[in-house]
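Structure, as structure tokens:
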Amino acid sequence: MAVDEQVLYSVKNVKKHYPIKGGMLQRVKSHVKAVDGITLDIYRGETLGVVGESGCGKSTLGRTILGLESLTEGELVFNGNNISKYSPRQLKPFKKEMQMIFQDPYASLNPKQRIGDALEEAFIIHTNLPAEKRREKVIKLLNEVGLKEDHYERYPHEFSGGQRQRIGIARAISINPSFIVCDEPVSALDVSVQAQVIKLLKDLQEKHALTYLFVSHDLGVVRHLCNRVLVMYLGQMVELAPVNKLYENPTHPYTEALLSAIPRPAVGRKRERIRLTGDLPSPSNPPTGCPFHTRCPIAKDHCTTEKPAWRQMDDGHFIACHER
Amino acid sequence: MKDTVLEVTNLVTKFKSADGLLPAVRGASFSVKKGETLCIVGESGCGKSITALSIMGLLPSNGLITDGSITFNDQNLASMSPKKMQKLRGNDVSMIFQEPMTALNPVFTIGFQIREPLLIHQKLSKKQAHARGIELLKMVGIPSPAERMNQYPHELSGGMRQRVMIAIALSCNPSLLIADEPTTALDVTIQAQIIDLLNDLKEQLDMSMIMITHDMGVVAEIADRVIVMYAGEVIEEGRVEEIFENPQHPYTKGLLSSVPNVDDPDFELKPIAGSMPMLNEKISGCRFHPRCPYAFDKCFSESPKTFSVTDKQNVRCWLQEEVEQNGGRRASSL
Numbered sequence: 003m004a005v006d007e008q009v010l011y012s013v014k015n016v017k018k019h020y021p022i023k024g025g026m027l028q029r030v031k032s033h034v035k036a037v038d039g040i041t042l043d044i045y046r047g048e049t050l051g052v053v054g055e056s057g058c059g060k061s062t063l064g065r066t067i068l069g070l071e072s073l074t075e076g077e078l079v080f081n082g083n084n085i086s087k088y089s090p091r092q093l094k095p096f097k098k099e100m101q102m103i104f105q106d107p108y109a110s111l112n113p114k115q116r117i118g119d120a121l122e123e124a125f126i127i128h129t130n131l132p133a134e135k136r137r138e139k140v141i142k143l144l145n146e147v148g149l150k151e152d153h154y155e156r157y158p159h160e161f162s163g164g165q166r167q168r169i170g171i172a173r174a175i176s177i178n179p180s181f182i183v184c185d186e187p188v189s190a191l192d193v194s195v196q197a198q199v200i201k202l203l204k205d206l207q208e209k210h211a212l213t214y215l216f217v218s219h220d221l222g223v224v225r226h227l228c229n230r231v232l233v234m235y236l237g238q239m240v241e242l243a244p245v246n247k248l249y250e251n252p253t254h255p256y257t258e259a260l261l262s263a264i265p266r267p268a269v270g271r272k273r274e275r276i277r278l279t280g281d282l283p284s285p286s287n288p289p290t291g292c293p294f295h296t297r298c299p300i301a302k303d304h305c306t307t308e309k310p311a312w313r314q315m316d317d318g319h320f321i322a323c324h325e326r
Numbered sequence: 024m025k026d027t028v029l030e031v032t033n034l035v036t037k038f039k040s041a042d043g044l045l046p047a048v049r050g051a052s053f054s055v056k057k058g059e060t061l062c063i064v065g066e067s068g069c070g071k072s073i074t075a076l077s078i079m080g081l082l083p084s085n086g087l088i089t090d091g092s093i094t095f096n097d098q099n100l101a102s103m104s105p106k107k108m109q110k111l112r113g114n115d116v117s118m119i120f121q122e123p124m125t126a127l128n129p130v131f132t133i134g135f136q137i138r139e140p141l142l143i144h145q146k147l148s149k150k151q152a153h154a155r156g157i158e159l160l161k162m163v164g165i166p167s168p169a170e171r172m173n174q175y176p177h178e179l180s181g182g183m184r185q186r187v188m189i190a191i192a193l194s195c196n197p198s199l200l201i202a203d204e205p206t207t208a209l210d211v212t213i214q215a216q217i218i219d220l221l222n223d224l225k226e227q228l229d230m231s232m233i234m235i236t237h238d239m240g241v242v243a244e245i246a247d248r249v250i251v252m253y254a255g256e257v258i259e260e261g262r263v264e265e266i267f268e269n270p271q272h273p274y275t276k277g278l279l280s281s282v283p284n285v286d287d288p289d290f291e292l293k294p295i296a297g298s299m300p301m302l303n304e305k306i307s308g309c310r311f312h313p314r315c316p317y318a319f320d321k322c323f324s325e326s327p328k329t330f331s332v333t334d335k336q337n338v339r340c341w342l343q344e345e346v347e348q349n350g351g352r353r354a355s356s357l
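Line order of the protein sequences matches chains A and B.
For any residue, its number in this note's numbering is found by taking its place in the first sequence, counting from 1, and adding 2.
For any residue, its number in this note's numbering is found by taking its place in the second sequence, counting from 1, and adding 23.
Right, dumping it as structure tokens:
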């Protein structure tokens, strides 16, 4: 994968807060800060992994970047265009460039719609091709993701999980986007099928020069697929680094703990595990100072009051921690 | 090793459906020794959960055991009356499920649910049961256990709920604990906590455990012995070191090379082609042959026999017969 340093998508201080309403008048009582100040550049041709525990805001980040959730604050700059305040009409040409692959491919397909028709929809909306040409395109797509022509007439329930995810992928690449958000695309699949889908994603990226934002909780898959990795905790950025640097030299105590918690599929070389006590705090009432201080093994007094700054460790390696 | 706690012989479990009786488990045999952790590994649809439910006598109403025996402490569970089974379940054998939210009853307090097995099986008074419940919650590492007794499941996080489930399962000191994917729904940091907890408790209470999982990482952390299931059959069995360092069945090898290695950036993924067959699919010979890269004539026509690789490791694959005949030449070429 050739990654040049050309910025495709620039995300600036993006926040997404959901209001919590309560009381008799349904007044807004507080907010769930799902995404709280994310700033990053996504380079053309790269796969940027976003990892973290459930509830850390990684999926919301992906959806917000695609415009599926409205922004609370911040700017989205795609290919030099600030699209954060665009109207739906203005956004249409950009939507063609950005697509999404969802976790549960069955929930994202209409059970009463034939696969061929589902795949054709994108062409109806974004192109003005005649029906025959559209069908040709769809069949080409089906072949590209490893399905057959006669799958065109079938319904979603006739496919296995892996095949459905292939349909989800076909739909995402149908109108030649340049940027795809993959939201846990393989975590609902069995391991043998998971490996097939990972391979497909890799092949397609090479063939179509795609840029991926790969949201996942599976750190093994992320290492295999991504160039750079962002670690999130309670909606905030914790560490960002090139993939090998992050896995070989994790610097933030949360990243360290996360990596050491993965059960390794090999016997006899048990590594010392950093035990994190407790659970993820609620994002509606995040801890003051560093969000991680309640579970951090090296937290000092000032971690509870001061929010750590986002700083560069070395080339391309960023971290938010007072103590490292 | 020590004496056998559970012996499953040629277990066949079938499901009634519109297409007739469909076998989900096709002649599985294995045993669990005292103090041992056996992992059952396989992908969804391989029959691993149904094997566990057959042992527990918790099969859905359209499922039935048509053949084989399940011997637990000299009693055959396969032919036991539901009433006797009820006495055993939650007492001598208990089970932890994948989704702790659905396994706990949302309208009763944690205390009520943890007291229940103690009142029924151990005939404790309510007061004694309450005290024992607090002890149990403390044992599984729940902070301020006395207050938790009055809380409802929705007030706890996923990891805490799973700890409560473990406390309930262990309340009557079972000699066998069956854990069906207990960590799959949890985050890695919480998963690590639960695995450590299960390992500690097993040592402490000297019980046997059957752990069902599809995660090879979890297997390496917890298992003493492993059986690999595919399409209702046990295809390989061995000690955990043997399965990871010297797997013999092409499917076991495929499973191991389908999991991306976190510590190796150059790890090459080798997916297994195709997908798990449906229950009603008729496959001649070896059930794995349509997906097997090494399949030859015999695999298409005859169901493989079980061959022993070492005294503990067995594999159900025709390739092994050639290994035996040619003195290991085939194995090196794989």
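We treat Cβ as the ideally placed atom computed from N, Cα and C, and that holds for glycine.
Boundaries of the alpha helix (DSSP H) in which residue i is found, first to last residue
i, result
"Tyr88(A)", "It is not in any alpha helix (DSSP H) - Tyr88(A) carries neither H nor E in the DSSP assignment."
"Ile235(B)", "From DSSP, Ile235(B) is part of no alpha helix (DSSP H) but of the beta strand (DSSP E) over 231-236."
"Glu226(B)", "211-228"
"Val64(B)", "It is not in any alpha helix (DSSP H) - Val64(B) instead sits in the beta strand (DSSP E) that spans 60-64."
"Arg184(B)", "181-193"
"Ser52(B)", "Where Ser52(B) is concerned, there is no enclosing alpha helix (DSSP H), although the beta strand (DSSP E) it sits in stretches over 43-56."
"Gly222(A)", "221-227"
Assigned secondary structure, residue i (DSSP; H/G/I helix, E/B strand, else coil)
i, result
"Cys298(A)", "coil"
"Gln314(A)", "strand"
"Glu170(B)", "helix"
"Cys340(B)", "coil"
"Glu259(B)", "strand"
"Ser84(B)", "coil"
"Thr27(B)", "strand"
"Gln271(B)", "coil"
"Gln8(A)", "coil"
"Ser148(B)", "coil"
"His304(A)", "helix"
"Leu357(B)", "A caution first: Leu357(B) carries a pLDDT of 46, below 50, which makes its placement in the model unreliable, though a value can still be read off. DSSP places Leu357(B) in coil when its eight states are reduced to three."
"Glu325(B)", "coil"
"Thr129(A)", "coil"
"Ser92(B)", "strand"
"Asn324(A)", "Looking at the sequence provided, one finds His at residue 324(A) rather than Asn. Coil."
"Met102(A)", "strand"
"Val21(B)", "In the structure as shown, chain B begins at 24 and stops at 357. Residue 21(B) is therefore absent and cannot be evaluated."
"Ala296(B)", "coil"
"Lys23(A)", "strand"
"Lys114(A)", "coil"
"Ile266(B)", "helix"
"Lys309(A)", "coil"
"Val332(B)", "coil"
"Lys14(A)", "strand"
The beta strand (DSSP E) enclosing residue i, as first and last residue numbers
i, result
"Val217(A)", "213-217"
"Tyr235(A)", "230-235"
"Ala252(B)", "The sequence as given places Met at residue 252(B); Ala does not occur at that position. 248-253 is the span of the beta strand (DSSP E), which, as asked, contains Met252(B)."
"Ala318(B)", "That residue, Ala318(B), is in no beta strand (DSSP E); it is neither H nor E in DSSP."
"Ile73(B)", "Not the beta strand (DSSP E): Ile73(B) falls in the alpha helix (DSSP H), residues 71-79."
With 16 other Cβ atoms within 10 Å as the buried cut-off, status of residue i
i, result
"Ile126(A)", "exposed"
"Asp316(A)", "exposed"
"Met252(B)", "buried"
"Gly54(A)", "buried"
"Ile250(B)", "buried"
"Gly43(B)", "exposed"
"Gly163(A)", "buried"
"Arg29(A)", "exposed"
"Arg313(A)", "exposed"
"Arg91(A)", "exposed"
Checklist line | Contained beta strand (DSSP E) runs [length at least 3] in the stretch 28-61 of chain A, N- to C-terminal order | finding: Listed in chain order, they are 29-45, 49-53.
Note to self: As an exercise, report each continuous alpha helix (DSSP H) stretch of at least 4 residues that is fully enclosed by the stretch 134-218 of chain A, in chain order.
What the structure shows: The stretch 134-218 of chain A contains these whole alpha helix (DSSP H) runs: 163-175, 193-210.
Next item on the list: Please name the residues in the stretch 225-245 of chain B whose beta-carbon is closer than 8 Å to at least one beta-carbon of chain A, in chain order.
Entry: For the stretch 225-245 of chain B, the residues whose beta carbon sits under 8 Å from a beta carbon of chain A are, in order, His237, Asp238, Met239, Gly240, Val241, Val242, Ala243, Glu244.
Notebook entry, point to check: Taking Cβ-Cβ distances below 9 Å as the criterion, which residues of the stretch 274-290 of chain B are in contact with chain A?
Noted result: Legend: CB atoms of the stretch 274-290 of chain B lying less than 9 Å from CB atoms of chain A belong to residues Tyr274, Gly277, Leu278, Leu279, Ser280, Ser281, Val282, Pro283, Asn284, Val285, Asp286, Asp287, Pro288, Phe290.
Check: What are the residues of the stretch 30-60 of chain A that lie near chain B, defined by any Cβ-Cβ distance shorter than 8 Å?
Finding: With the criterion set as a beta carbon lying under 8 Å from some beta carbon of chain B, the members of the stretch 30-60 of chain A are Glu55, Ser56, in sequence order.
Next item on the list: Give, in chain order, every unbroken run of the alpha helix (DSSP H) that is at least 4 residues long and sits entirely within the stretch 106-145 of chain B.
Entry: If one requires a minimum length of 4 residues, the alpha helix (DSSP H) runs lying completely within the stretch 106-145 of chain B are 123-126, 133-144, in chain order.
Item checked: Whole runs of the beta strand (DSSP E) within the stretch 233-282 of chain A, excluding any shorter than 3 residues -> The qualifying runs are 238-244.
Check: According to a CB-to-CB cut-off of less than 8 Å, which residues of the stretch 67-94 of chain B neighbour chain A?
Finding: From the stretch 67-94 of chain B, only Ser67 have a Cβ closer than 8 Å to chain A.
Item checked: Residues, ordered as in the chain, of the stretch 190-216 of chain A that lie near chain B by beta-carbon distance below 8 Å -> Hits within the stretch, in order: Asp192, Val193, Ser194, Val195, Gln196, Ala197, Gln198, Ile200, Lys201.
Checklist line | Where the stretch 279-308 of chain A meets chain B: residues whose CB sits under 7 Å from a CB there | finding: Correct list: Asp281.
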